[in-house]
Amino acid sequence: MKGIDKNMRLIINEKVFDSKEFKGSEAELLEQLVYEFLNINSVVMMERLAVVYEMLIGYIKDVLGIQEDPPFKFDDIESDREKLEIVIEQYKFAKFLSSRYKESYESYLDQLEQYEVFSKDKAIMTLIDYKLARFGDEIFKEMGIEIIDRIDQGFIVKDNSNYIN
1 MKGIDKNMRL IINEKVFDSK EFKGSEAELL EQLVYEFLNI NSVVMMERLA
51 VVYEMLIGYI KDVLGIQEDP PFKFDDIESD REKLEIVIEQ YKFAKFLSSR
101 YKESYESYLD QLEQYEVFSK DKAIMTLIDY KLARFGDEIF KEMGIEIIDR
151 IDQGFIVKDN SNYIN
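Quick note on numbering: the sequence shown equals residues 1 to 165 in the UniProt record's numbering.
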C-alpha cells in the first residue's frame, strides 16, 4: 500500500492544506480534508457528500494504490439516507487504510464504536450530526421511539408512554 508520496496542496474554505507541511499523520490529514469539504456551506450537503465519496474513492485508488472498484456508484443510490450511510462507511474504510492500523478491519470498527474514539474524529462527528439532524425522527421511529420535543441538551422522547429526558 502506498501513501502520499508527492506534494499535495489544496485550498478548502480559504484554508491551505499542504501534505508536506502538515504536522499530523496521513489519517489525520484525510480527516481534516473530509471535515473541511463537509463544511463548505455554500454547497448543499448531499452534493458535498457526493464530492467526499468520490474523493475517498480517489484517495483509495490513487494515493493508496488499491485498484478495487467501489461496490456502489453514488448516483445509482436512490435514498439520501443510504447515500449518507455509504459515505460514512467509505470514510471509515479509507481512514482505516490510511491509519495503517495493525489489526483487522473488524477490530478497527469495534474500537470506532467507542464514544471516546469516534467523538475525537471531526469528520465522523459531522456526518453523524447531519444524520441525526436529517434522519433522526425516522431513526427513532424505527426504534419504536417518538420524539416529543427537542431541547438544548437533546430530546424528550416517548417510549411505551414513559417520558424520558
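Think of the CB as a built atom: it goes at the ideal place given N, C-alpha and C, for glycine as much as any other residue.
Comparing C-alpha distances from L29 to each of V63, S42 and G154 shows the shortest one belongs to V63.
E31 sits away from A133, with the two beta carbons spaced by 8 Å or more. Taking a C-beta distance under 8 Å as the contact criterion, V51 and F72 do not qualify as a contact pair. In this structure, I145 and V157 form a Cβ contact; the two beta carbons are roughly 5 Å apart against a cut-off of 8 Å.
Boundaries of the alpha helix (DSSP H) around I124: K122 to E142. Per DSSP, the unbroken alpha helix (DSSP H) holding E106 starts and ends at Y105 to L112.
Three or more beta-carbon pairs drawn from the segment 89 to 100 and the segment 52 to 59 are found closer than 8 Å, and the two stretches are therefore classed as touching. Here the alpha carbon of K83 sits roughly 11 Å from the alpha carbon of R48. Secondary structure at I60: helix, using DSSP grouped into helix, strand and coil.
The residue from S107, S25 and Y35 with its alpha-carbon nearest to that of I128 is Y35. Per DSSP, reduced to three states, the secondary structure at K158 is strand. The distance from the Cβ of Y53 to that of V87 is about 5 Å, consistent with a contact at the 8 Å cut-off. At a Cβ-Cβ threshold of 8 Å, M125 and D80 do not count as neighbours. Here R48 carries a helix assignment [DSSP, helix/strand/coil].
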